[in-house]
Each structure stands twice: as structure tokens, then as C-alpha cells.
Amino acid sequence: MSLLLALLEDMFFAMIPAVGFALVFNVPVKALKYCAYGGAVGHGLRFLLMESGVAIEWATLAGATTIGFLGVYWSQRFLAHPKVFTVAAIIPMIPGVYAFKAMIALVTINNQGYSPALWASLIENLTTAGFILSALAIGLAMPGLLFYRRRPVI
14 MSLLLALLED MFFAMIPAVG FALVFNVPVK ALKYCAYGGA VGHGLRFLLM ESGVAIEWAT
74 LAGATTIGFL GVYWSQRFLA HPKVFTVAAI IPMIPGVYAF KAMIALVTIN NQGYSPALWA
134 SLIENLTTAG FILSALAIGL AMPGLLFYRR RPVI
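Residue 14 is where the sequence shown starts when you use my numbering, and the numbers rise one by one after that.
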């Protein structure tokens with residue numbers, strides 16, 4: 014029961030930045046709820062996968078791919094570009110905490126000097142942020158690579 018409540022809370026709080034960035038990107042008013050749904054579904058899937066023991070990078074890839082496929086479906090249904098639905102929905106999964114921790118480690122190294130623990134923190138957080146960003150990009154590109162190819166895959 015607590016997992017369900019945590020999932021609903023996670024999905025609700027993922028909807029807020031998705032709608033906020035959709036407003037910043039001038040998404041049509043009729044598409045705002047789909048941006049919110051996409052952000053909630055993608056972030057919720059990532060949350061469930063992480064709770065079941067999957068690494069954040071792979072969970073993010075699954076969530077971003079799901080958002081990408083939902084965006085393609087909604088774009089065909091409502092005759093809009095997939096980016097209308099996907100870009101704002103993907104924003105809640107941006108790895109801000111990892112990038113911030115990497116930046117703090119870098120500034121601390123600059124101020125206090127080299128330390129193996131700080132260097133390890135910098136590399137770990139920077140690598141994690143890079144892999145999460147790569148997973149987001151690949152996940153968003155996946156439906157386009159599969160559905161909008163001009164030549165066959167084989």
C-alpha cells in the first residue's frame with residue numbers, strides 16, 4: 014500500500030514540472046494534459062523500476078522510451094508533432110541532483126585542493142548524469158528511429 018501511495022505521489026509531482034515547462038514552450042492548451050500524463054507515466058515507470066532494483070540509467074531509458082512512444086501515438090491521434098507532447102514530459106527526469114553534486118565536488122576541489130574522495134564523487138556524479146542524459150536522448154529518439162525510417166531496417 015505504501016508503494017502505491019509513493020508511486021501516486023511521484024507521478025503527481027512529476028506532472029507539475031511537465032506542465033510548467035509545457036507552458037514555457039508554448040504548448041497548446043489542449044495538449045497540456047497529455048504532457049502531464051506523459052511526465053507522470055514516464056517518471057512513474059522509472060520510479061517503479063528503481064524500486065524493483067533497476068539502475069537509474071536503465072529505468073530512465075525505459076521511462077523516456079515510453080514517453081517517446083506515447084508522444085508518437087498522441088501525435089498521430091491529434092495531428093501534432095511528437096515533440097509537443099514529449100519534450101515537456103521528459104523534463105522531470107533531468108538529472109539535476111547528480112549534476113549539482115558533480116559541480117559542488119568540482120568547486121570544492123578548486124577551493125580546497127585535490128582529494129581522492131572528492132575526485133571519486135565528481136567522476137561518479139558526472140558519469141551518472143551523463144548516462145541519464147544519454148538515456149533520455151536515446152529514449153526520445155527510439156520511436157522516430159523505428160517508425161519514421163525512409164529505408165527498411167534490414
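Each residue gets a CB set at the ideal place from its N, CA and C atoms; glycine is no exception.
Same chain, Cβ closer than 7 Å to THR79, neighbours up to 5 away in sequence not counted: As a working note, residue 79 is residue 66 in the sequence shown. For THR79, where only same-chain residues beyond five positions count, the Cβ hits under 7 Å are VAL54, GLY55, LEU58.
Cβ-based burial, ILE104 [other Cβ within 10 Å; buried from 16]: Here residue 104 corresponds to residue number 91 of the sequence shown, with the count starting at 1. Result: buried.
Whole-angstrom distance between ALA49 and GLN89, CA atom to CA atom: The count along the sequence shown starts at 1 and reaches residue 89 at position 76. The count along the sequence shown starts at 1 and reaches residue 49 at position 36. Their Cα atoms are separated by approximately 18 Å.
Option in THR121, PHE34, PHE113 with minimal Cα separation from THR140: Walking along the sequence shown from the start, residue 140 turns up at place 127. Minimum Cα distance to THR140 is reached at PHE113.
LEU83, buried or exposed, once every other Cβ within 10 Å from all chains shown has been counted against 16: Start at 1 with the first residue of the sequence shown, and residue 83 comes out as number 70. Under this definition LEU83 is a buried residue.
Residue span of the alpha helix (DSSP H) that contains PRO156, given as start and end: Translated into the one-based positions of the sequence shown, residue 156 becomes position 143. Run containing PRO156: 129 to 160, per the alpha helix (DSSP H) assignment.
Proximity below 7 Å, CB of PRO152 to CB of LEU74: The residue given as residue 152 occupies position 139 in the sequence shown. The residue given as residue 74 occupies position 61 in the sequence shown. Inspection of the sequence shows that residue 152 is occupied by Gly rather than by Pro. Yes, Cβ-Cβ distance for GLY152 and LEU74 is below 7 Å.
Where PHE25 falls, given that 16 or more other Cβ within 10 Å makes a residue buried: Residue numbering aside, residue 25 sits at position 12 when the sequence shown is read from its first letter. Classification of PHE25: exposed, given that the 10 Å Cβ count is below 16.
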